[in-house]
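In our numbering, the protein residues as written are 79 to 238. By construction, the Cβ of each residue, glycine as well, lies at the ideal position given by its N, Cα and C atoms. Keep in mind the model is a prediction, meaning the values are calculated, not measured. Data first, discussion second: the structure below is written as structure tokens.
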């Protein structure tokens, strides 16, 4: 039976590397038994690839094929994904701050214009619309901040 593998996991990348350099060569350079290495590439096993073995296998892979370090690159992708998830709140808050600054500027301009145009209902309506936009954007920012505060105690995500 063929094992279904998620494409962007360390186990899948290890399986590809082991297939390319060969199990016997991988066992020789790591000093590990072939069965142990096979278990490392199985996502449901508890054994996990060590940094030392990753280093040795990547060096061998690059020496043989000159295509870089696939295990290190897979780990890098996992780190980037984890960072993006962990810092998504910060990015959203930064986005809200830009929106809020823009809307505040537009509201201030509309309020000044309405203040210098007594009896101009059109200017008043525009000022009200702009202030309502500020309120809408500020409410969204507050919701994001509240959500972020609720997640600040969370530990870093576990790699896939």
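1) State yes or no: is the C-beta of residue 148 within less than 9 Å of the C-beta of residue 89?
2) With distances taken between CB atoms, is the gap from residue 172 to residue 226 smaller than 9 Å?
3) Within 10 angstroms of the Cβ of residue 110, are there 16 or more other Cβ atoms? Answer buried if so, exposed if not.
4) For my contact list, residue 134 and residue 99 are in at a C-beta cut-off of 8 Å; report their separation, rounded to the angstrom.
5) Span of the alpha helix (DSSP H) holding residue 154?
6) Indicate the three-state DSSP secondary structure (helix, strand or coil) for residue 196 in the structure shown.
7) What is the DSSP secondary structure of residue 121, reduced to helix, strand or coil?
8) Grab me the residues of residue 146's own chain with a C-beta within less than 7 Å of its C-beta, minus the 5 sequence neighbours each way, in chain order.
9) Any contact of the segment 158 to 169 with the segment 185 to 192, i.e. 3+ C-beta pairs under 8 Å?
10) Under a three-way DSSP split, which group does residue 92 fall into?
11) Which residues in the same chain have their Cβ closer than 6 Å to the Cβ of residue 205, if we skip the five residues on either side of it in sequence?
12) Taking all protein chains shown into account, decide if residue 157 is buried (16 or more other Cβ within 10 angstroms of its Cβ) or exposed.
13) Keeping to the same chain, check which residues put their C-beta closer than 7 Å to that of residue 229; ignore five residues upstream and five downstream.
14) If you draw a straight line from the C-alpha of residue 152 to the C-alpha of residue 183, how long is it?
Per the coordinate set shown:
1) no
2) no
3) buried
4) With 8 Å as the limit, residue 134 and residue 99 do not qualify as a contact, their Cβ atoms being about 10 Å apart.
5) 148 to 164
6) coil
7) Correct three-state label for residue 121: coil.
8) 140
9) When C-beta atoms of the segment 158 to 169 are compared with those of the segment 185 to 192, fewer than three pairs fall below 8 Å, so the two segments do not count as touching.
10) helix
11) 188, 189 and 192
12) exposed
13) 167
14) 45 Å
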